[in-house]
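Structure, as structure tokens:
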């Protein structure tokens, strides 16, 4: 019986060890691979409305309690316009316009995105095989901006918060050479900004957290601008 | 029955945890604008400053209260589990406050030489050039005299000063309520924050050695704050333009601020932040606004 248990634990350990993959390190923009002839397509994934992101509330009830405790903040954040964060796509457009001759935004439906196969390359290669887009979208380089979440970040241990809400934007921006599926640039965006002074100001529409959120947005824009330096 | 207990525990926990708020500090107020009918004409402006109080100079400190999570296993009946959640929340909250206090104490220690060098500066010396505005007794509730409390901050390098001027006017006694909230019994409350320019190495040295008059540095910030307060009370700042994100130059990086620009000259940019506080920055510190200086 014991040997079965040992075998089971060993198998689980092996499976879980295999699940851990080395994260993609940042890749500086390979400017030498860009020239006036390259056609660049920028794809911006749908940006959801800002909200409160709760981490560490480790059980369903804990999460429910944490979400309820932050509901007025979430409601406020959800009322903020997304135009500021969305304007970061213009920075990408302008940045690539300065490097290449043809740049445009492209549309990719969820179906098209799902259709893309996995790409089994080493680090430095995109996880999806984007190469098919070269012909279908008539581009040489695909640029992806994916803002996964934004608004506020609050860390919990079960029911109890460890931090005040922080201004928060998380996402990734990368470009892929559609000849090789290799990253020409890769940068994870993860900005957390501490609120100056008080944060719990529901009657004033959370000015502290709102300001911290806009600070995080601006820091993301700075990071995007730095790609082209 | 079990579901009702669970619901009760959840509700109590929500109530307790919404209480995990940041503690109120004395350099923070909720802004309350003066009603249009109560606006104070600039030539009627008077303020009260407690001349016996010492200069309040503090180190700029980090506001980050984040602490590493302390794990706790809740067990037992809903009541005992709830008690454990309460104690967990209390422990975390006290750790967060301790961290903030330590950061403030540490920041104050770092600027001790500047505190020493500023001993000649007092509330009396600050009010000297504004004598015509100062009243010498605390206003009786209802008098339209604004009370002010200046709190100065210095950065860790001791090369830059800023001032937070807390200002308030109490309601007449007849209009005061029994509310425990101080704001309900005030006609006006705000913070005027003035940032000075960074001192050169040479000037910083002279100020620390007593070879230059350090009181002038404090006076300049205080005078600017009082003039701005006068404008706020007279209704000059009541029209607020659209908000934008401003880029403010800091020592080695940039700070971003969501605010409305209410005054812009060659020397200073005056803005209203999302809390409606009025902030003054040297114009060349705001890097994403066009210069107003004649070239």
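Protein chains in written order, with my numbering: chain A, -11 to 217; chain B, 259 to 553. Backbone N, C-alpha and C fix where the C-beta goes; we use that ideal spot for every residue, glycine too.
Query, Result
"Grab me the residues of residue 178 of chain A's own chain with a C-beta within less than 7 Å of its C-beta, minus the 5 sequence neighbours each way, in chain order.", "158"
"Residues in the same chain with beta-carbon distance under 6 Å from residue 33 of chain A, minus the five sequence neighbours each way, listed in chain order, please.", "134"
"Would you report the Cα separation of residue 277 of chain B and residue 347 of chain B, rounded to the nearest angstrom?", "In this prediction, residue 277 of chain B scores a pLDDT of 47, lower than 50, which makes its location untrustworthy; no coordinate-derived value is stated."
"I need the straight-line Cα distance from residue 498 of chain B to residue 529 of chain B, nearest angstrom please.", "9 Å"
"Applying the 10 Å Cβ sphere with the 16-neighbour rule, what's the burial state of residue 533 of chain B?", "buried"
"Under three-state DSSP, which class holds residue 485 of chain B?", "helix"
"Does residue 532 of chain B come within less than 9 Å of chain A when only Cβ atoms are used?", "yes"
"Taking all protein chains shown into account, do 16 or more other C-beta atoms lie within 10 angstroms of the C-beta of residue 93 of chain A, making it buried, or fewer, making it exposed?", "exposed"
"Taking the C-alpha atoms as reference points, what is the distance between residue 89 of chain A and residue 107 of chain A?", "28 Å"
"Tell me whether the beta-carbon of residue 536 of chain B lies closer than 9 Å to the beta-carbon of residue 449 of chain B.", "yes"
"For the stretch 148 to 180 of chain A, enumerate the residues whose C-beta is nearer than 7 Å to any C-beta of chain B, in chain order.", "148, 149, 150, 151 and 152"
"Please report the straight-line C-alpha distance between residue 466 of chain B and residue 315 of chain B, rounded to a whole angstrom.", "15 Å"
"Counting only runs of 3+ residues fully inside the stretch 498 to 546 of chain B, write out the beta strand (DSSP E) ranges in chain order.", "502 to 507, 512 to 522, 526 to 531 and 536 to 540"
"Below 8 Å between beta carbons is the criterion; list the residues of the stretch 506 to 531 of chain B that meet it against any residue of chain A, in chain order.", "512, 513, 514, 515, 516 and 531"
"Using C-beta distances below 7 Å, list every residue in its chain close to residue 273 of chain B, excluding the 5 sequence neighbours before and after it, in chain order.", "In this predicted model, residue 273 of chain B has a pLDDT of only 49, less than 50, meaning its place in the structure is not dependable; the value taken from the coordinates is given anyway. Excluding sequence neighbours, residue 273 of chain B sits near nothing in its chain."
"Please classify residue 330 of chain B: does DSSP put it in a helix, a strand, or coil?", "coil"
"Please classify residue 76 of chain A as buried or exposed, where buried requires at least 16 other C-beta atoms within 10 Å of its C-beta.", "buried"
"Measure from the alpha carbon of residue 324 of chain B to the alpha carbon of each residue in A/30, A/117, A/154 and A/47, then state which is nearest.", "A/154"
"Grab me the residues of residue 550 of chain B's own chain with a C-beta within less than 6 Å of its C-beta, minus the 5 sequence neighbours each way, in chain order.", "522, 523 and 524"
"Should residue 37 of chain A and residue 70 of chain A be called a contact, given that it needs their Cβ atoms to be closer than 9 Å?", "yes"
"Against residue 346 of chain B, what residues of chain A qualify as contacts under a CB-to-CB distance less than 9 Å, listed in chain order?", "145, 146, 147 and 148"
"Considering only C-alpha positions, which residue in the set A/123, A/215 and A/201 is nearest to residue 513 of chain B?", "A/201"
"Are the stretch 465 to 479 of chain B and the stretch 378 to 392 of chain B in contact at 8 Å, needing three or more beta carbon pairs?", "yes"
"Return the residues of the stretch 451 to 483 of chain B that lie within a Cβ-Cβ distance of less than 8 Å from chain A, sorted by chain order.", "none"
"Does the beta carbon of residue 545 of chain B come closer than 9 Å to any beta carbon on chain A?", "no"
"With a threshold of 6 Å on Cβ separation, who are the neighbours of residue 204 of chain A within its own chain once the five nearest residues in sequence on each side are excluded?", "155, 156, 157, 179 and 181"
"Going along the chain, which residues of its own chain have a beta-carbon closer than 8 Å to the beta-carbon of residue 492 of chain B, five neighbours each way excluded?", "297, 298, 299, 300 and 303"
"Report the neighbours of residue 184 of chain A on chain B: residues whose CB is nearer than 7 Å to its CB, in chain order.", "321"
"Hey, is the stretch 409 to 425 of chain B in contact with the stretch 476 to 488 of chain B, meaning 3+ C-beta pairs nearer than 8 Å?", "yes"
"Under the assumption that residue 306 of chain B contacts residue 435 of chain B (Cβ atoms under 8 Å), give the Cβ distance between them as a whole number of angstroms.", "That pair is no contact at about 23 Å."
"For residue 207 of chain A, which of A/21, A/73, A/188 and A/46 has the nearest alpha-carbon?", "A/73"
"Using the Cβ count rule (16 or more neighbours within 10 Å means buried), how would you classify residue 173 of chain A?", "buried"
"Using a Cβ-Cβ cutoff of 7 Å, what residues of the stretch 341 to 374 of chain B are near chain A? List them in chain order.", "343, 346, 347 and 350"
"Let me know the secondary structure DSSP gives residue 322 of chain B once reduced to three states.", "coil"
"For the beta strand (DSSP E) containing residue 176 of chain A, name the first residue and the last one.", "170 to 181"
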